[in-house]
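Those protein sequences? They're chains S and R, same order as listed.
Sequential numbering from 709 applies to the first sequence in our numbering.
Sequential numbering from 709 applies to the second sequence in our numbering.
2 protein chains.
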Amino acid sequence: MTRPGALFLSEIRGQPHALARLLEHDAEYEAVGAEIARRAPAAIRLVGHGSSDAAASYGVYAFGVLGGLTAMRDSISLTVYYEADLDVSKSVVIALSQSGRTQDVVEYVARMRDRGAFTVAITNDPRSALAVAAEATLSLLAGPERSVAASKTYMNQLASLALLAGGAAGKARKIADGLRRVAEQMAEMLDPLALRAGEIAPAFTYVERMFVIGRGFELATAREVALKLTETCRIAAEPLTATDLAHGPVAAIEALFPVWAIASHDETLAAVLEAAARARAAGATLVASGSAAAKIADAAFALPVPRPSRPAFAPLLSVVAGQLFAAALARAKGLDADRPEQLTKVTLAQ
Amino acid sequence: MTRPGALFLSEIRGQPHALARLLEHDAEYEAVGAEIARRAPAAIRLVGHGSSDAAASYGVYAFGVLGGLTAMRDSISLTVYYEADLDVSKSVVIALSQSGRTQDVVEYVARMRDRGAFTVAITNDPRSALAVAAEATLSLLAGPERSVAASKTYMNQLASLALLAGGAAGKARKIADGLRRVAEQMAEMLDPLALRAGEIAPAFTYVERMFVIGRGFELATAREVALKLTETCRIAAEPLTATDLAHGPVAAIEALFPVWAIASHDETLAAVLEAAARARAAGATLVASGSAAAKIADAAFALPVPRPSRPAFAPLLSVVAGQLFAAALARAKGLDADRPEQLTKVTLAQ
């Protein structure tokens, strides 16, 4: 029996290694990326649940910014439940599932393939039902993930999508080289960041709700950090774009209602800073994260990460701050991040 | 000076009338719907913030189920901030904004139009900047909305999207006739539903967080009800699909953490019932809503609505239960739903 949360923490720390292992197989991603480009898809349909759905948010920006391609988080229920009569012959489907066993994702892929879409599975289990259902399968190569709360599989999903988008744009090698440097930055930042997260987290022991804001590439991070806080720390953490906040939720903020803001050096930075300032004006305690954390005025706490070579890589570093914070807070609250109540590793529910 | 919340309540009650007024102009929606079909779009890109974004969720299902067309909630920041080089020449853009003055939505439409997309504005102000920016403008005809918390403009956004999708599918008249019956059902249900909401709401005075679950068409309702609870009642209410719940957030549920479940008679009902049962097993107090509310086992409270002639119409009735509940709860908490703190009617923020 391991110490509660030990698996989660060890897997967070194993991410630079997991990422480096994936990057040894960059040529496989390059080839599928080239095939996607060859088909000139009208739409790239991304599907997944939980952390995989957060990764899908990243895919929208990776394909859009790196590849100039339209990608969307598709509705599974539109196809699986309503059986909508969509023309998907010019679509590419990318299905994300750590286990490859999520039933409605497998069913969705089977139907899309029948209807003529080019289907790609990205999974940690290349012999899973999802891998069998899809035309092309790419392995996450994250190694066994034993904590219920995902970390390294999410990390490698982000890298997979960046590699695929890079492959579709004919710049796979550049992206792979950039990601290798990200793995190095991640390895270097882990110790000091874990220390800082451990210092900060106990102050949040009695927090019951939070907002997590990000925009653009970092919307994925906001969604994944909120999910980690929810499942491992039992905080009702809601992810919001910087703009969502102004359109309603800011009214719910009050003093000592913490807002986690992810500020990275990219085109959306000004919008994030403005949203953070607005949350602070409404009385929120701010936690500043991301490579531009220092630019958030009046933050009570900061968990900055290094600046990567491209904005597209920022989410791979930003999310680690949230993972480490969640691990430290779960421990402070006496919760077991490895085995949250009510959850199992493989969710088979529809 | 009106009594706090009086405007919100009066506008909720005005929805059958607002809907009926929109339906007098169904031919305009039919014509634009036919134009959308003529273009055989590769993708319909829906954009909006806040309630308009919740309505966009409805559009994904309306176009998919009624029209067999791929619609997506598009990323504004991909185009406005990152300036992604997307081919949108085969896209239709539908921009939703009550005021027609939301800056980044206007900017998004201008850029999409420059790039060759067919752009449609749906707004309550046909002389707004958004209306000028778009190629086609459709008026919501909801009448002036004076409460900051939206209700009748959201209602007419749903109806507009149903009419457009119906027009694209060559069945505009059938959809319009069906919606006329919905307006009648809504008028009949208002008094008893308001009474029931007023009886239930005070029990939630000290609730600080909730989940709101829906799936398919009713995902829009989950998002809109969560937004109403957040902005008018200061509850951190998070919308989730029935499946999202199982992938993490169920771990945060505890006894007396209410979950609002929207169960309607459609293809997703079994998934919603399963999610509700799971939330209940984790200790949540259930509020059952929707036309199939009675099918949710062990619900502590119920706010059922009538069953409409098509599943596609269900969200127009289901949302009213949430609006009335939010109005009653805001009053019980001594909050002014007409003028929530930190919010203004027109959000100009990026």
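Quick reminder that beta carbons are idealized off the backbone N, C-alpha and C, glycines included.
Since this is a predicted model, take the numbers as computed values, not measurements.
Is it right to say residue i is buried, meaning 16 or more other beta carbons lie within 10 angstroms of its own, or is it exposed?
i, result
"R/S797", "exposed"
"S/R988", "buried"
"S/D899", "exposed"
"S/A764", "buried"
"S/Y914", "exposed"
"R/R904", "buried"
"S/D1006", "exposed"
"S/R746", "exposed"
"S/R819", "buried"
"R/Q1058", "Below a pLDDT of 50, predicted positions are generally treated as unreliable, and R/Q1058, at 41, falls in that range; the measurement from the model is reported next regardless. So R/Q1058 counts as buried."
"S/E896", "exposed"
"R/E946", "buried"
"S/T949", "buried"
Mind listing the chain R neighbours of residue i? Cutoff is C-beta to C-beta under 7 Å, in chain order.
i, result
"S/S805", "In chain order: nothing, as chain R lies at least about 11 Å away."
"S/E975", "Y789 and Y790"
"S/R917", "E916, R917 and A944"
"S/L935", "G956"
Please state whether the Cβ-Cβ distance between residue i and residue j is less than 7 Å.
i, j, result
"R/E853", "R/E719", "yes"
"S/S799", "S/P749", "yes"
"R/R923", "R/V980", "yes"
"R/D974", "R/P1019", "yes"
"R/T861", "R/A873", "no"
"S/S997", "S/L977", "no"
"R/S855", "R/F716", "yes"
"R/A983", "R/I921", "yes"
"S/A1002", "S/V958", "no"
"S/L887", "S/N864", "no"
"R/L774", "R/A877", "yes"
"S/G772", "R/G956", "no"
"S/P1023", "S/Y766", "yes"
"R/A1034", "R/L935", "no"
"R/L1037", "S/T778", "no"
"R/I1004", "R/A954", "no"
"R/G875", "R/A839", "no"
"S/R1039", "S/G713", "yes"
"S/P966", "S/M894", "no"
"R/L901", "R/L1032", "yes"
"R/E736", "R/A880", "no"
"S/A870", "S/A770", "yes"
"R/L994", "R/A969", "yes"
Along chain R, in chain order, which residues have C-beta atoms closer than 9 Å to that of residue i?
i, result
"S/K798", "A750"
"S/R923", "S785 and Y789"
What in chain S is Cβ-close to residue i, meaning under 8 Å?
i, result
"R/D679", "Since the first and last residues shown for chain R are 709 and 1058, residue 679 of chain R lies out of range."
"R/T938", "G956, P957, A959 and A960"
Going along chain R in order, which residues have a C-beta closer than 8 Å to the C-beta of residue i?
i, result
"S/D793", "G776"
Quick one: is the Cβ of residue i within less than 6 Å of any heavy atom of the ligand SAH?
i, result
"R/Y790", "Because no ligand of any kind appears in the structure shown, any question about the ligand SAH cannot be addressed here."
### Task
Please determine if the segment 799-813 of chain S and the segment 821-831 of chain S are in contact, where contact requires at least 3 C-beta pairs separated by less than 8 Å.
By the Cβ criterion, the segment 799-813 of chain S is in contact with the segment 821-831 of chain S, since at least three pairs of Cβ atoms, one from each stretch, lie closer than 8 Å.
### Message
Using a Cβ-Cβ cutoff of 7 Å, what residues of the segment 879-896 of chain S are near chain R? List them in chain order.
### Response
none
#### Entry: Against chain S: residues of the segment 753-787 of chain R by CB proximity under 7 Å
Listed in sequence order: H757, G758, V768, Y769, G772, V773, G776, T778, M780, S783, S785 and L786.
### Message
So, does the segment 903-914 of chain R touch the segment 803-822 of chain R, judging by three or more C-beta pairs under 8 Å?
### Response
no
### Given 8 Å, three or more beta-carbon pairs between the segment 925-940 of chain S and the segment 1024-1036 of chain S
yes
### Message
For the structure I just gave you, are there three or more beta carbon pairs, one from the segment 747-767 of chain S and one from the segment 712-729 of chain S, closer than 8 Å?
### Response
no
#### Entry: Contact between the segment 773-787 of chain R and the segment 941-949 of chain R (3+ Cβ pairs under 8 Å)
no
### Query
Taking Cβ-Cβ distances below 9 Å as the criterion, which residues of the segment 997-1029 of chain S are in contact with chain R?
P1019
### Message
I'd like to know if the segment 1036-1043 of chain S and the segment 724-743 of chain S are in contact, where contact means that at least 3 CB-CB pairs between them fall below 8 Å.
### Response
no
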